[in-house]
Amino acid sequence: MSEKAGSRKGGLKTMPFIIANEALEKIAAYGLQPNMILYLITSYNFSAAGGTNLMFIWGAISNFLPILGAFLSDSYLGRFLVIAIATPTTLLGLIALWLTAIIQELRPAACDPRLGKCSNPNAGQLAFLYMSFILMSIGAGGIRPCSMAFGADQFNNPKNPNNQRILDSFFNWYYASVGVSLMFAVTIIVYIQNKYKWIVGFGVPVGLMFVSTIAFFLGSKLYVKIKPNRSLLTGLVQVVVAAWRNRRRELMLPEDSDRQLYYHTKGSKHVVPTNKLSFLNKACMLQNPEKDLNPDGSPTNPWRLCSVQQVEVLKSVIELIPMWSTGIIIGVTISQQGFPVLQAATMDRHLAGDFKIPPGSFGLFGITTLTIWVVLYDRIVVPYLSKNSQGIGVKARVGTGLFISCLATATAALVERKRRTAAIHQGLADTPKAQVDMSAMWLIPQHCLVGLGEAFNAIAQIELYYSQFPKSMASIAVALFTLGLGVANLLGSLIVTIIDTASKRGGKVSWVSTNLNKGHYDYYYWVLTILSVANFIYFNLIACKFYKCCEEDKVWDEDEDHEDVGKIEVQKSVDSSSSMYLSA
């Protein structure tokens, strides 16, 4: 650490700056997403399918870039510098989006879709819009993987006997701020956008992000800034490169070989590689110790010689792929932000008196369900079951989440069928903007089921991944989960594109038409249901067989120096809680 325990930097005085930066950034970023599909359709003349595809791709980029951000932070720049670059980048993206609402020349001319005179946005208008999304994604790629750990850096002091209690207190405050921010984003910000339209609705997030940026830099002189060390992803890539470079070496079976033939770090429990995926074992084979190792025992070329533990970590990643892949389809279900908003916009959203729930705020029911279940599970279910067992197993929770996701999409299909039938019977087939005489509260069950399925599946995924790696490498668990969400976003975009293209052949109306009353969004949800059921079967017949190799927690290193122990505890706290943050 660049700042030792006795330094006057870090500590409680940095909390207002870090919490303010994180909370305001979350409000600004997540406040845009619920209503974005409406903005793309009404202001840029996107079709429902086109706008949803853009949102899926935006989500994919925003989930892939945090992996790059973590790599740059760990290997080259450090957390402070990455956040310092990402925060104003997010602000620039928000300002660019705000300008599209202010300046008419940045949008196509307004039109009436019923008259068929809508002009598509030109290349320059699209480029400016896409630039705003890319800037926001780049900002998210720097802030999301670093913010929580950077905050923990300010309190981590392994020499303090109360260190873990202080860290726990910080994480409690951190997650409280994230939860409040998400609630605020999907209610107040969405309401402002619906009430005062886009200029004010986008201007408020810009103002909040500006305050967030100022708050972060005001505390600059107070922060503990840990220097970059090495990236965990680099270590995995080194194994692949070293195994390929050493591919011509003769491989000996671990049980028949001398322990000195393999390189392992001091204190490691892994001194001989396992037989599984044995072709990777060539990465840790010692051919000439005097030539391959430095005087201090480290490899002279880490791209030709890796430790046994590095090899075993990569094997764990590969073994987890079948179970990881089951999270992709449910990720598509979780990422459905566009179509449910369009459905809600056509229905009666009155809650009490003249107050209407904004279409983009219905996602709050999913977030609330997720939060309630997490609290109940942690405080009631686990203590009750732990009297006789260890609670609900990881495999059972993953499978339960997948099953609930099947119910969620089936429910969505049935509700949409009812909504569409009501619209046609009321003579609204050609007036898609007219309100259907049907309460939007019918949409609540599908949102609650999505939230409950996510609570079971996503958190169990993180827990499973965490159990398969050394504690000092636990951030791989978050990287795997984020990567899965990114792949799910891309798959979601592909599904919409295929359905849109195939269903409108022969001059037919697309199932995902911008006119919901003529389209068949119920068919779209049934497609997701079929994919979800197939994924559930795949989980039970194939993924669970591979799960046996991951069923027990693996024994890794025990001997760590004092400073590293502190870092491990920080990482454990960060990653054991990350599932709630990522799913939200």
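The opening residue of the sequence shown carries number 896 in our numbering; numbering runs sequentially from there. Glycine residues also receive a C-beta, built at the ideal position from the N, C-alpha and C atoms. Predicted, not measured: the structure shown is a model, and the values here were computed from it.
- Spatial neighbours of Phe1364 in its own chain (CB-CB distance under 7 Å, excluding positions within 5 residues in sequence) are listed in chain order as Val1208, Ser1211, Ile1371 and Ala1372.
- The region 1028-1041 and the region 943-961 touch, with three or more beta-carbon pairs separated by less than 8 Å.
- In the displayed model, Tyr1157 falls within a strand according to three-state DSSP.
- Straight-line spacing of the CA atoms in Tyr1420 and Phe1351 works out to 21 Å.
- By DSSP's assignment, Met1180 forms a beta bridge with Tyr1157.
- DSSP, read as helix, strand or coil, puts Lys1251 in strand.
- Under the three-state reduction of DSSP, His1165 is assigned to coil, being neither helix nor strand.
- In the structure shown, Pro911 adopts helical secondary structure according to DSSP, grouped into three states.
- For the 7 Å CB-CB criterion, Tyr1272 and Ala1080 do not form a contact.
- For the pair Gly1258 and Gly1296, the CB atoms are not nearer than the 7 Å cut-off.
- Listed in chain order, the non-local C-beta contacts of Cys1301 below 7 Å within the same chain comprise Thr1424, Ser1427, Val1428 and Phe1431, local neighbours out to five positions each way being set aside.
- Looking at Val1269, Val1391 and Leu919, the one whose alpha-carbon comes closest to that of Ala1353 is Val1269.
- Proximity of the region 1191-1200 to the region 1377-1384 falls short of the contact definition, fewer than three beta-carbon pairs being nearer than 8 Å.
- Ala923 places its beta carbon 7 Å or farther from that of Leu1077.
- One thing to note: Pro1123 has its Cβ within 7 Å of the Cβ of Ser970.
- Beta-bridge partners of Asp1243 (DSSP): Ser1334.
- Secondary structure of Pro1100 (DSSP, three-state): helix.
- With fewer than 16 other Cβ atoms inside 10 Å of its own Cβ, Val1276 counts as exposed.
- By the Cβ-count criterion, Cys1006 is exposed, with fewer than 16 other Cβ atoms from all chains shown falling within 10 Å of its own Cβ.
- Per DSSP, Lys1290 is one residue of the alpha helix (DSSP H) stretching across Val1289 to His1320.
- In the three-state DSSP reduction, Pro1194 falls in the strand class (E or B).
- Residue state for Leu1188 is assigned as strand, using DSSP reduced to three classes.
- Its Cα nearest to that of Met1043, the residue Val1073 stands out among Met1031, Val1236 and Val1073.
- In its chain, beyond the 5 residues on either side, Pro1340, Gln1341 and Leu1344 have a beta carbon closer than 8 Å to the beta carbon of Thr1306.
- Contact between the region 1096-1114 and the region 1170-1180 is not established, with fewer than three Cβ pairs separated by less than 8 Å.
- By the Cβ test, the region 1384-1402 is not in contact with the region 1213-1221, since fewer than three Cβ pairs between them sit closer than 8 Å.
- Leu1265 sits close to Gly1346, with the two beta carbons spaced by under 7 Å.
- In the displayed model, Phe1050 falls within coil according to three-state DSSP, outside both helix and strand.
- By the C-beta density criterion, Asn1017 is exposed, having fewer than 16 other C-beta atoms within 10 angstroms.
- Taking C-beta atoms as the reference points, Ala1438 and Thr1129 fail to come closer than 7 Å.
- Of the other Cβ atoms in all chains shown, fewer than 16 fall within 10 Å of the Cβ of Arg1144; this residue is therefore exposed.
- Rounded to whole angstroms, Ile1262 and Ser1202 show a C-alpha spacing of 42 Å.
- Sixteen is the threshold: since fewer than 16 other Cβ atoms of the shown chains lie within 10 Å of the Cβ of Leu1389, the residue is exposed.
- Contact annotation: Thr947 and Val1391 have beta-carbon atoms nearer than 7 Å.
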